[in-house]
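Note sheet for the following structure.
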Amino acid sequence: MPPVPSSMLVDVVLDGIQQSGAAGYFESDSDSLHPRRFFVDHLDNGFSVWVYVWNLTHGGRETLPNEYRIQMTSVDSPLAINPNGYTVLMGYYSDMCMFAGFDLVKHRNFTAGSPSIQIDISALHRALQTGLSFHHKSNDEIAVGVRPDQMVNYIVSSSILHTHGADEEVKDLLDSAVDPSRVVSPAIEQLSTERRQIVTNVSRYVRDGNFRLAVLNAYDNRCAVTKAQMKLVDAAHILPVQAEGSSDHVSNGIALSPTLHRAYDRGLIYLDCDLSMRINEEKASQLANEGLDAGLASLRGLLDNSIYLPLDVDQRPRPEVVVQANTYRRIPGYT
Numbered sequence: 009m010p011p012v013p014s015s016m017l018v019d020v021v022l023d024g025i026q027q028s029g030a031a032g033y034f035e036s037d038s039d040s041l042h043p044r045r046f047f048v049d050h051l052d053n054g055f056s057v058w059v060y061v062w063n064l065t066h067g068g069r070e071t072l073p074n075e076y077r078i079q080m081t082s083v084d085s086p087l088a089i090n091p092n093g094y095t096v097l098m099g100y101y102s103d104m105c106m107f108a109g110f111d112l113v114k115h116r117n118f119t120a121g122s123p124s125i126q127i128d129i130s131a132l133h134r135a136l137q138t139g140l141s142f143h144h145k146s147n148d149e150i151a152v153g154v155r156p157d158q159m160v161n162y163i164v165s166s167s168i169l170h171t172h173g174a175d176e177e178v179k180d181l182l183d184s185a186v187d188p189s190r191v192v193s194p195a196i197e198q199l200s201t202e203r204r205q206i207v208t209n210v211s212r213y214v215r216d217g218n219f220r221l222a223v224l225n226a227y228d229n230r231c232a233v234t235k236a237q238m239k240l241v242d243a244a245h246i247l248p249v250q251a252e253g254s255s256d257h258v259s260n261g262i263a264l265s266p267t268l269h270r271a272y273d274r275g276l277i278y279l280d281c282d283l284s285m286r287i288n289e290e291k292a293s294q295l296a297n298e299g300l301d302a303g304l305a306s307l308r309g310l311l312d313n314s315i316y317l318p319l320d321v322d323q324r325p326r327p328e329v330v331v332q333a334n335t336y337r338r339i340p341g342y343t
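Shown next, in the form of C-alpha cells:
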C-alpha cells in the first residue's frame, strides 16, 4: 500500500484516538503543517497534543530488511514542543494500520536536511497482538510499536516510556507486562516507585485494550441490546473489575452502547440468567420518585428480549458469572 497523504494522516490519528475510547478534535489550520494539533477528551479529562507524524516506509537497505523509518521532512530544528500538553513523534505504516512512537527528546534537535528515524518492523507485528511493544535500539533508544486502540495511552505515557524504557530491566518488565503468556517478574518490586508505576500502567492499558477489542470482535462491534454498530459501542465487564473473581475473559464481557453501558454499571438494567436484558424496577421507581424518569419508557422498549450473542459459545456470558454480577450489584431477586 502506498504512503497515505497528509489529510489521511490526520484521519488515522483521529481514528486511533477514537479507538482508544476518547474523542479527538483537529485544531490545526492545515492538514500538512507540523505539528498537527489535536484536542483529546478522555475519561472526563481534556488535553492538547501536538503530533509529528510521517509515513513509515522501508529503510531501503538490503542488509536490513526489517528496518523501517520515518523521514522528517518540512520541519526545522529544534521541533516545537507543546507548552500546555503532550507532544509525540510518530510514524504510520499503512500496510498494517499501525503506528511507531519515537523518542522526541533524542530527535528534537537535528542537523539540516531530512533526518530519518528507524524501527524494526517486528515491533509493529508484536504490537498488533499485544497493543504496545518495545524495540531497544543500539543507541539506547526505545522505539514503541503502537496499535491504534492504544494511541491515547501511548500519548500520555510517551515521555516516561522513552525516558525509562531504555533501561534493560525496565524493558524486560515492560515486555512481560504486554505479553499475556508471561508473568511480570517479582523484580518489579525492586524498581523505583516511578518505574514500577510505568510497568503497572502499561500492563493495565494493554489488558483493558485487549479486553475491549476481544469483546467488540466477539459481538461484531454491535451493541448486544440495540444491535447498532457505528463505532459507538463499549466493552463492559459483566462482573466488575474490582469484584472478587472478575476476569478479562470475553465471557465476562458484553458490548453495549455508551448509555446502556452506564445504565448497566449503575444497576438500572441487568442481564438475567436467560441472557435477556431487563429493567431494575427498584431503580426505576427511585427515578420516578425523583422526577428523573424521562426516557424510561423508551428504554423499556429495548429490553426483555434475548441479547445479541457471540457465535462462539465459549465467548457468551456464563450463568454463574451473571448471578455473581447481579448479586454484587444488589439486583432484586439475586441478593
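If you count the sequence shown from 1, position 296 lands on 304 in the numbering used here, and the numbers rise without skipping. Cβ coordinates follow ideal geometry from the N, Cα and C atoms, glycine included. Please read all numbers here as calculations on a predicted model, not as lab measurements.
- Ordered along the chain, which non-local residues of its own chain (more than five positions away) have a Cβ less than 7 Å from that of residue 69? 75
- Item | Distance, residue 309 Cα to residue 334 Cα | Going by the C-alpha atoms only, they are around 21 Å apart.
- Query: For residue 156, is the classification buried or exposed, using 16 other Cβ atoms within 10 angstroms of its Cβ as the cut-off for buried?
  - Reply: buried
- Shortest alpha-carbon distance to residue 243 belongs to which of 325, 288, 101? It is 325 whose Cα lies nearest to the Cα of residue 243.
- Item | heavy atom of the ligand GDP below 6 Å from residue 328 C-beta | Only the bare structure without any ligand can be found here, which leaves the ligand GDP out of the picture.
- According to DSSP, is residue 236 helix, strand or coil? coil
- Got a sec? Which residues, its chain only, sit under 7 Å from residue 134 by beta carbon, not counting five neighbours each side? 141, 153
- Message: Please classify residue 293 as buried or exposed, where buried requires at least 16 neighbouring CB atoms within 10 angstroms.
- Response: exposed
- Buried or exposed (CB count within 10 angstroms, at least 16 for buried), residue 84: exposed
- Task: From the DSSP output, read off the bridge partner residues of residue 2.
- Result: Within the shown structure, residues of the chain are numbered from 9 to 343, placing residue 2 beyond reach of any answer.
- Task: Could you check the C-alpha separation between residue 280 and residue 286 for me, to the nearest Å?
- Result: Cα to Cα, the separation comes out at about 7 Å.
- Compare the C-beta of residue 21 against all C-beta atoms of chain C and say whether one is closer than 7 Å. Absent from the structure is chain C; it holds one protein chain and no more.
- Item | Euclidean distance between Cα positions of residue 28 and residue 158 | 6 Å
- Start-end ranges of the beta strand (DSSP E) lying completely within the stretch 77-165, minimum 3 residues: 93-101, 106-110, 124-128, 140-144, 150-154
- Look up residue 63 in the DSSP assignment and say whether it is helix, strand or coil. strand
- Query: Quick one: what's residue 290 bridged to in DSSP?
  - Reply: For residue 290, which the question treats as bridged, DSSP gives no partner whatsoever.
- Query: Roughly how many angstroms separate the alpha carbons of residue 122 and residue 116, rounded to a whole number?
  - Reply: In a straight line, the C-alpha of residue 122 is about 12 Å away from that of residue 116.
- Which two residues bound the contiguous beta strand (DSSP E) that contains residue 227? Premise fails: residue 227 is in no beta strand (DSSP E) and is neither H nor E.
- Item | Span of the beta strand (DSSP E), counted from its first residue to its last, around residue 263 | 261-264 is the extent of the beta strand (DSSP E) around residue 263.
- Item | Terminal residues of the alpha helix (DSSP H) in which residue 347 lies | Outside the shown range of the chain, which is 9 to 343, sits residue 347, and nothing can be said about it.
- Query: Does the stretch 256-269 touch the stretch 222-233, meaning 3 or more C-beta pairs lie closer than 8 Å?
  - Reply: yes
- Could you name the residues that DSSP lists as bridge partners for residue 243? 263
- Beta-ladder partner(s) of residue 45, from DSSP: 58
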